Amino acid sequence: MSTNEANPGWTYLIDMDGVLVHEEHLIPGADVFLSELRGAGIPFMVLTNNSIRTPRDLRARLLRTGLDVPEDSIWTSALATATFLASQRPGGSAYVVGESGLTTALHDIGYVLTENEPDYVVLGETRTYSFEAITTAIRLVEKGARFIATNPDPTGPSRAGSLPATGSVAALISRATGRDPYYVGKPNALMMRSALRAIGAHSENTLMIGDRMDTDIVCGLEAGLQTILVLTGISTRDSVELFPYRPTVVLESVADLVDHTADPFSTGRN
């Protein structure tokens, strides 16, 4: 289907940080954009690789910035990881290095969280990495636990600068054990496909909006989606040219989609 043809009904997958918000600040126009989606009844899901918070916590965080996003319209790497594990080994067990977003997601699929011969070691985001917990994870992986990580992001943002994130701690465990994790979150297209199933959407009628070429856009492409890169986050117009693939459209921000959400690839969009 040509992107210049009217789509019978688009579904939106929207990255959160760098697209809708910067830390605790609303990106101008994001509130109007989401209001238009909700007012028109256009299905959407807000995605994040961060596994720290539950959807309920994230909804509260977004409300403080002025964004009203329903709890069931938020999809995290923790939820994607739980969905994956439920399909792979229903009713299994895991040793978790992470916070409530991840532990709640695993409890909700009936997983037992334990240090006693777990099926998996599951590594997620946390702001309080413990040497003791990492040591336990290493020893369990050495004993045969399967190694899963919610996402490969090496660093995360903070007001003071970069913080080590899941990918960096995973590298430490991998170096100690010789075992690499299976990463569920972006840029694994599994994250997109699980979000599509959660919202009951199909790839041919779905587009991905993100701010990073190396995660959001490549993930969308590999899941068979149309893609929109916005320039309010990491990637720039110049950096787009460094990649062997391109987004369907590059826009300054999601504010450019206001009044165009029903037909985001209409003639005249750049």
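Okay, so the sequence shown: first residue is 2 according to the working numbering, each after it adds one. Just so you know, even glycine gets a beta-carbon here, dropped at the ideal spot from N, CA and C. Keep in mind it's a predicted model, so treat the numbers as computed, not measured.
Self-check item: Classification of S254 by the beta-carbon crowding that lies within 10 angstroms, buried from 16 upward
Solution: buried
Quiz item: Between A79 and A106, what straight-line distance do the alpha-carbon atoms span, to the nearest angstrom?
Solution: 6 Å
Quiz prompt | Extent of the continuous alpha helix (DSSP H) to which G102 belongs | solution = It spans 101-109 - the alpha helix (DSSP H) in which G102 sits, taken as one unbroken run.
Exercise. Run the CB neighbour count on K187, radius 10 Å, all protein chains shown included, and call it buried at 16 or more, exposed below.
Key: buried
Quiz item: Run through DSSP, which three-state label would S131 get?
Solution: Of the three classes helix, strand and coil, the one that applies to S131 here is coil, per DSSP.
Quiz prompt | Cβ pair M46, L21 closer than 9 Å | solution = no
Quiz item: Between the C-alpha atoms of V231 and D212, what's the straight-line distance to the nearest angstrom?
Solution: 5 Å
Quiz item: Whose C-alpha, out of G225, D18, R62, is nearest the C-alpha of E205?
Solution: G225
Exercise. Determine the burial state of F132: buried for a count of at least 16 other Cβ atoms within 10 Å of its Cβ, exposed for fewer.
Key: exposed
Quiz item: Any idea what DSSP makes of T4, helix, strand or coil?
Solution: The pLDDT assigned to T4 is 44, lower than 50, so where the model puts this residue is not dependable; a value taken from the coordinates is nonetheless given after this. T4 falls in the coil class under three-state DSSP.
Quiz item: Between the region 31-39 and the region 254-265, are three or more C-beta pairs nearer than 8 Å?
Solution: yes
Self-check item: Assumed close pair G99, T127 - CB separation to whole angstroms, cut-off 8 Å
Solution: 5 Å
Self-check item: Rounded Cβ spacing between L124 and I174 (contact assumed at less than 8 Å)
Solution: 7 Å
Exercise. If I'm right that A146 touches D120 with Cβ under 8 Å, what's the distance once you round it to whole angstroms?
Key: 7 Å
Quiz prompt | Span separating the alpha-carbon of A161 from that of E24 | solution = 12 Å
Quiz item: What is the residue span of the alpha helix (DSSP H) that L197 lies within?
Solution: 190-200
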